[in-house]
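Data first, discussion second: the structure below is written as structure tokens.
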Amino acid sequence: MNDLEEDNDDDVAVAADPPPRADVPTPDAAAEPEEAKKPDISPLEATIMLARRGNKKILPTLRRTLEEHPELWQHFGNLALQAQESWLQLIAGKDLYLSESLRLHLDSMRAELAGQNASPLDKLLVDRILAAHVQVLYFEAVDTADPTGENNRVARFRMDRRDQAHRQFLSAIKMLATVRNLVARTNVIQVELLAPTTFRSPATANVSTVNGMHSGGSRAPVSPPATFNGSSRFSTRMPGAPESLASVGAG
Amino acid sequence: MAWESRGGKRTYYRYKRSGDTVRKISYGSGERARRAAEEDSAARARQEADRNLLAELQMKLTAVDQLAADAQHGTDLLTEAVLLAVGCHKHRGEWRLRR
């Protein structure tokens, strides 16, 4: 890139300002609207605090909050992508070849980890894994580029940060595995962020899996899956939900 | 580490701590003193450069760290919400199905 800078100013202009990806809002571009539509998460936090204390009556409210606020998933999904993009910019700088290679690498990892029909939670967790992975890559790249002694305070800082990023990476993987394991075992809830055009109507909801029992075997009998109003872009579908969604966990 | 004037003569000293006591070591005023002063000055310059580099690195990472922390906080929050909603609970830091 330095050669480009010296040889041709036009090339530099192109190289210095890569076209933003359509699916990833750049931090600068997204800052304003993101700030404007930043969701208020305090009701969710308050509900979670009550649920943490074992208050089962709060669970329907918690589910309703998740259902009725798709902007939460959207907001934090965007934040995760922005974080990845920022790390990529730090690693690659003006090297477009490197940044595109890394993006392809991340896309392939994302596809592999999330698979098809991933729920919004799966996507968020996968993005968290990827953000930690890029962070590890960044500190490894910096260490490789400047292999100073470990007694140097900058090197020590980088080493600590790399270890921290690695721990976050492992913890994110563990969380994804835990969520997949537990949610699959409960067979109760699937949270899907659906575009309005692909909203799954009650008529198309899959009822063939309803076998009268939870996958756990000894839980309460179930009724056909609970569905939600079609106006919401966000659907919390519960294929094996006992009674209605609102009553799950209330007893 | 300092030059001190004693009887019209400049003498270079280093201070070394061992436990509670601090020893003041004289390097005289000749070649040995000059070398020690240069070494100390270079070490101070290196430390200053390190400090600047570290501050620069930390500043570069601040924005992206904040972004990553916000994203992680949100992901944790929503994960916890979903797990609680499906009837899980946390037992000694580990998520379990409620029986």
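So the sequence lines, in the order shown, correspond to chains A and B.
For the first sequence, the positions run 8 to 258 when this note's numbering is used.
For the second sequence, the positions run 10 to 108 when this note's numbering is used.
Every residue, glycine too, gets a C-beta built ideally from N, C-alpha and C.
Between the region 138-151 of chain A and the region 172-182 of chain A, the count of C-beta pairs closer than 8 Å reaches three or more; the two stretches touch. Inclusion of leucine 51/A and leucine 62/B in the CB contact set at 8 Å is not warranted, their separation being larger than that value. Among the residues facing chain B, glutamine 171/A is not included, as its CB has no counterpart in that chain under 8 Å away. Contact check between the region 78-86 of chain A and the region 58-65 of chain A: fewer than three CB pairs, one atom from each, fall below 8 Å, which does not count as touching. Within the DSSP secondary-structure output, arginine 19/B pairs in a beta bridge with Ser14/B.
Under the 8 Å Cβ criterion, the region 87-104 of chain B counts as touching the region 69-79 of chain A, having at least three qualifying pairs. The region 68-86 of chain B and the region 45-55 of chain B do not touch, with fewer than 3 CB-CB distances between them shorter than 8 Å. For histidine 82/A, the chain B residues whose C-beta falls within less than 8 Å of its own C-beta are Gly83, listed in chain order. Here alanine 99/A has Leu105, Ser106 as same chain residues with Cβ atoms under 6 Å from its own Cβ, once five neighbours each way along the sequence are excluded. Within the same chain, Ile136 come within 7 Å of isoleucine 180/A by CB-CB distance, once the 5 residues on both sides are set aside.
Sequence-distant Cβ neighbours of arginine 19/B in its own chain, meaning closer than 6 Å and more than five residues away, are Trp12, Ser38.
If you check each beta-carbon in the region 88-102 of chain B against every beta-carbon of chain A, the ones closer than 8 Å belong to Thr88, Glu89, Ala90, Val91, Leu92, Leu93, Ala94, Val95, Gly96, Cys97, His98, Lys99.
Not a single C-beta of chain B is nearer than 8 Å to the C-beta of isoleucine 180/A. About 5 Å separates the beta carbons of lysine 33/B and tyrosine 22/B, which is inside the 8 Å limit, making them a contact pair. Under the three-state reduction of DSSP, valine 31/B is assigned to strand. Residues of the region 45-64 of chain B with a Cβ closer than 7 Å to any Cβ of chain A, in chain order: Asp59, Leu62, Leu63.
Following the DSSP letters along the chain, one finds arginine 105/B inside the beta strand (DSSP E) bounded by residues 103-106.
Within the model, the alpha-carbon separation for serine 27/B versus arginine 43/B is close to 24 Å. In the DSSP annotation of this structure, the continuous segment of the alpha helix (DSSP H) that includes lysine 181/A starts and ends at 160-193.
Annotation: leucine 131/A to serine 49/A spans about 19 Å, alpha carbon to alpha carbon. A buried status is given to tyrosine 36/B, since no fewer than 16 other beta-carbon atoms sit within 10 Å of its beta-carbon.
Contacts with chain B (Cβ-Cβ distance below 8 Å) from the region 138-152 of chain A involve Ala138, Gln142, listed in chain order.
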